[in-house]
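Chains as they are written, first to last, in my numbering: chain A, 1 to 294; chain B, 1001 to 1677.
Backbone N, C-alpha and C fix where the C-beta goes; we use that ideal spot for every residue, glycine too.
All values reported here derive from a predicted model rather than from experimental measurement.
Contents: one structure, followed by commentary.
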Amino acid sequence: MSATDSPPLPAVPDAVAQRSPWGEVLHTLLRSPTFLTGLGILLFWVICALLGEHFVPYDPLDADIINTLAPPSADHWFGTDQLGRDVFSRVIVGSRDILTVAPLATILATIAGTALGLVIGYFRGIVDDIVSRVLEAFMAIPVVIIALLAIVALGTSKITVIVVIGLSFAPIIARTVRSAVLAERELDYVAAAKLRHEGALHTMFVEILPNVIPPILVETTVRLGYAIFAVATLSFMGFGIQPPSPDWGLSISSNYGMIGGGFWWTVLFDALAIASLVIGVNLVADGVHGAFND
Amino acid sequence: MTDPRQATNALELKDLSVAYRVGRRDRAVLRNLNLTIKAGEAYGLVGESGCGKSTVALSVVRYLPRNGSITGGSIALDGKDVMKLDAEALRRARADSVSMVYQDPGKALNPSLRIGRQLTEIFELAGTTGQAAEDKALAMLNRVRISDPASVMQRYPHQLSGGMQQRVAIAMALANDPSMLILDEPTTGLDATVEAEVLDLIGQLRRELSASILFISHNLAVVSNMCDRVGVLYAGMLVEEGSTKDVFNDPRHPYTVALLRCLPRGGQRKDQGRLDTIPGFLPGIGATIVGCAFAERCALATERCRAEPPPLYELGDGRLSRCHYHDKAQSLPRATPAEIPAVAPKRAPPVLQVEGLNKTYASHGRPLRAVKDVSVSLRPGETLGLVGESGSGKTTFARLLLGLVPPDEGGSIELDGKKLAPRLASRSEDQVKAVQIVFQNPDSALNRSHSIRHILSRALKRLGGLSGKALDTRLEELVRSVRLTDRHLAVKPRQLSGGLKQRVAIARAFAGDPRIVVCDEPTSALDVSVQAAILNLLADLQSKQDVSYIFISHDLGVVRYLSDKIAVLYLGRIMEFGPSEAVFSGPHHPYTEALLSAVPKLDRSESARIRLDGEIPSAANPPTGCVFHTRCPRKIGAICETQEPELSEAEPGHTIRCHIPFAELARLQKPKTMEPA
């Protein structure tokens, strides 16, 4: 064969083809109104959680017993609660605990779920049958019941909440990863790895894992929305974040008895905050899903 | 005035330009394409992938993808300007006068509707209702020669084989008695035997119907058999046109000349010289073309070619060529010298010895014998070609050798005289690296998340046992040996073309100096020019490294080029085994005879045609006696149905599994059966 047979890199005709798959996804994301709106909401709350205490007008924990249950006014935009604490400051700073606990729980769920999903998807057979049935049984138990049991056993703390939510979401992620791995393991590159006598760990984590990142990422963002909701629920029920934190779920729980008395502002703004954060995360998840599945 | 039906052309494209919008820029795919198909004519459009063949088909029915638009020119169907039709008129034109058949019938049919419903629907749309429409549907299935049409009406698409599905798709296309039938690679996914049947059917229907045909294919031989005239498309331009016979026998454009030279023809073999190739690449879509589009890849190109775009020269007899030097086109020098290093024949002991290999799967509780009692042997530096229809057990046999699936108890695989463990995990490192594979589809075989450097380094580390400096040196050698360059190392597989990806896959297989490389249809996804380069590469590597190949392909011309020995498989059994020349030139097993006869020939030489009826039977329920008796054109009687013939030696080293004695086979096949194209 002559030198002419050594082909040059093909002249890639356009910028789109030159972008890496990840660049492609990023490009789509940055043009998706859904994603950008969600990201805006999310960033707003992240900034509140990080810096909120420096710019809120009042200390969220400072009680003002002369000024309890004041309706929204120029002094107190969202009014004050039964201890006279400024609701606006509490809502802003209240994002901090939920935005620590929910993401950490989601990360734990993702790591545990991915590892589990890779193993059962890769080995299949009896391992898969047994583990999958156990996971299904686990998923049938409501998070609240698991939380209750864990808290009785371990006592309330943020760590407990993270572990409880993380472990109860892990099976869902494991199932997603498993189905992606089942498709991947049939591809010839996995056979090629076997023909190099690669170990199972290498094949799972170096060969297969990078190719199943997209569904994992989508599932993770979706789970984050649910995790926020779960943290708020647990706090509302008293199993989650503990006083004196200005946490939203906790505030609703301690104030919802006031609604009957017409003091709606003590509950409404915390509820709206939870809703907006969940919506924001779900919009991001929608955008990510769209970008990977276009 | 003449009869208007006579006067109008079935299809007329004038200066048609089509562009796809990619990343805010319009990129030209078709450039001022002029093309006329007369009423009743079959016109073939050929060219490599990416030259715009399918875009032509989609433009005709204005069915371009959303980012595609017709940027200039006109399309006239039966004299009507398609561009000027409003939505309703366009719908009517698509319903009444033009039909399309696509490459993959499995995707063209609705999976959740019965065949009968789908076919009847078309007649209902045309105004017939109830029983009358159903009767017409049934008649249509009869017309495409489907056996037992009444039962096919009741079935779902997935219950039909690929060939049957394509017949149904053709029946649907013909239902409205179109004046124009567009066939876009209609036989590409099918086995050669099924392809031959479908092509026969299209040929017969042509005589019965008045439809003009636009036949799009990358397979030159298929087009040569089906079409009156042929156009060669390159970078969205017609570079040559003329009657099929003229273009293929006397090409006048260097591109056509080069394409034809890429095919292994007339029984060419690896020891008789290398195939010619076409250097370089097709210009990307939307590339700015100054001068002749082919100039960069053409050894005849001069300054004039690079500066001045050639017009379509008229050469008389309706022949056109877009080349300034069309009279010299055939003097195109070879891009790849034919010379090959002389290889001294060796008498080494066999590298591979397979004895009585069996593989039985369980299928719905019944045993499915995917490979039955297969014994072969192979010397170093030799190639064993495995041929047979899909479902004949070729790939299973390859996977057994590789250890990817364990064989049944009893048989043995010996490598260099040492027994190979049935399971890959229990084979030694040396044995593992000694048997490697080049997969059919490089997209699946190369990990899309890893760079080429990672893929090859890992193989060198695991198979070659190298690390550090030694690995880098060897990597460079390896990359050069498959004619890639350093620049290819940094990229991911998706940034490479199909041919380059396959080179990476070959490099990976050779990383540990293998003794045997299984090549499982390594070129079936590639264009002919790229296929030629890959076949040359495999032949070169073999002559240098003394490696043996197990070469699986449905393309008999390709198998013949590379193989020293051939095993013909049917339902997991070897029907014929012997030296390549003996198997191809015959006398051969009736099944081999039928396979060879099914291959479309470029020169349209139609000799005694043998067609296999029906489909390959299920391996879960093989016929009694000789498994081939249900389809055998040379069946001699009851003995074929009751007693399975032995694999008996016809000549030294050439065995055939048939009740007909060898001398009798020789007599029956006397007017020597044809060579593959």
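query                                                                                                                                                                         : result
Determine the burial state of residue 54(A): buried for a count of at least 16 other Cβ atoms within 10 Å of its Cβ, exposed for fewer.                                       : exposed
Assuming residue 1385(B) and residue 1563(B) form a contact by the criterion Cβ under 8 Å, report the distance between their Cβ atoms to the nearest whole angstrom.          : 3 Å
Which class does residue 1519(B) belong to by DSSP, given the choice of helix, strand or coil?                                                                                : strand
Within a Cβ cutoff of 7 Å, which residues of the same chain sit near residue 284(A), ignoring the five residues on either side of it in sequence?                             : 35, 38, 39, 42 and 221
Return the first residue and the last residue of the alpha helix (DSSP H) that residue 1249(B) is part of.                                                                    : 1244-1249
Taking the continuous beta strand (DSSP E) assigned at residue 1015(B), which residues delimit it?                                                                            : 1011-1022
Just checking my contact of residue 1230(B) with residue 1247(B) at CB under 8 Å: how many whole Å lie between their CB atoms?                                                : 5 Å
Check the Cβ-Cβ distances between residue 1437(B) and every residue of chain A, and say whether any is below 8 Å.                                                             : yes
Taking buried to mean at least 16 other C-beta atoms within 10 Å of its own C-beta, is residue 274(A) buried or exposed?                                                      : buried
Hey, quick one: how far does the alpha helix (DSSP H) through residue 1053(B) stretch, first residue to last?                                                                 : 1053-1060
If I'm right that residue 1514(B) touches residue 1571(B) with Cβ under 8 Å, what's the distance once you round it to whole angstroms?                                        : Wrong, their Cβ atoms sit about 30 Å apart, outside the cutoff.
Within its chain, find whatever has a CB closer than 6 Å to the CB of residue 1313(B); leave out the 5 residues flanking it on each side and keep chain order.                : 1321 and 1326
Kindly examine the ligand ATP and report whether one of its heavy atoms sits closer than 7 Å to the Cβ of residue 95(A).                                                      : Of the ligands one can find in the structure shown there are none, so the ligand ATP has no counterpart to examine.
Classify residue 20(A): buried if its beta carbon has 16 or more other beta carbons within 10 angstroms, exposed otherwise.                                                   : exposed
My understanding is that residue 1198(B) touches residue 1046(B), with C-beta atoms under 8 Å, so please give their C-beta distance in whole angstroms.                       : Rounded, the Cβ-Cβ distance is 18 Å, inconsistent with contact.
Starting from residue 165(A), trace the alpha helix (DSSP H) in both directions and tell me its first and last residue.                                                       : 158-184
Looking at the C-beta of residue 1429(B), does it have a partner C-beta in chain A at a distance below 8 Å?                                                                   : yes
Examine chain A for any beta-carbon lying closer than 8 Å to the beta-carbon of residue 1453(B), and answer yes or no.                                                        : no
With a threshold of 8 Å on Cβ separation, who are the neighbours of residue 135(A) within its own chain once the five nearest residues in sequence on each side are excluded? : 116, 171, 174 and 175
In whole angstroms, what is the alpha-carbon distance linking residue 1355(B) and residue 1372(B)?                                                                            : 11 Å
Taking DSSP's pairing of strands, which residues face residue 1366(B) in a bridge?                                                                                            : 1363(B)
Please tell me whether residue 1538(B) has its Cβ less than 8 Å away from any Cβ of chain D.                                                                                  : Annotation note: the requested chain D is absent from the structure, which comprises protein chains A and B.
According to DSSP, is residue 1358(B) part of a helix, a strand, or is it coil?                                                                                               : strand
Should residue 291(A) go down as buried or exposed, given a rule of 16 or more other Cβ atoms within 10 Å for buried?                                                         : buried
Nearest chain A C-beta to residue 1529(B) closer than 8 Å, yes or no?                                                                                                         : no
If distances are taken between C-alpha atoms only, which option among 1389(B), 1144(B), 1061(B) and 1104(B) comes closest to residue 1091(B)?                                 : 1061(B)
Of all the CB atoms in chain A, is at least one closer than 8 Å to the CB of residue 1448(B)?                                                                                 : yes
Identify the continuous alpha helix (DSSP H) that holds residue 226(A) and give its terminal residues.                                                                        : 213-237
Report yes if the CB atom of residue 1216(B) is closer than 8 Å to the CB atom of residue 1042(B), and no otherwise.                                                          : no
Once the 5 residues before and after residue 1282(B) are set aside, which same chain residues still bring their CB inside 7 Å of it?                                          : 1048, 1050, 1051 and 1235
Who are residue 1182(B)'s beta bridge partners in DSSP?                                                                                                                       : 1100(B) and 1214(B)
Using three-state DSSP, classify residue 83(A) as helix, strand or coil.                                                                                                      : coil
Using the three-state DSSP reduction, which class does residue 1233(B) fall into: helix, strand or coil?                                                                      : strand
Assign residue 1426(B) to buried or exposed, taking buried as 16 or more other Cβ atoms, counted over all protein chains shown, within 10 Å of its Cβ.                        : exposed
Check this for me: beta carbons of residue 1131(B) and residue 1186(B), under 8 Å apart or not?                                                                               : no
For the beta strand (DSSP E) that contains residue 1576(B), what are its first and last residues?                                                                             : 1573-1579
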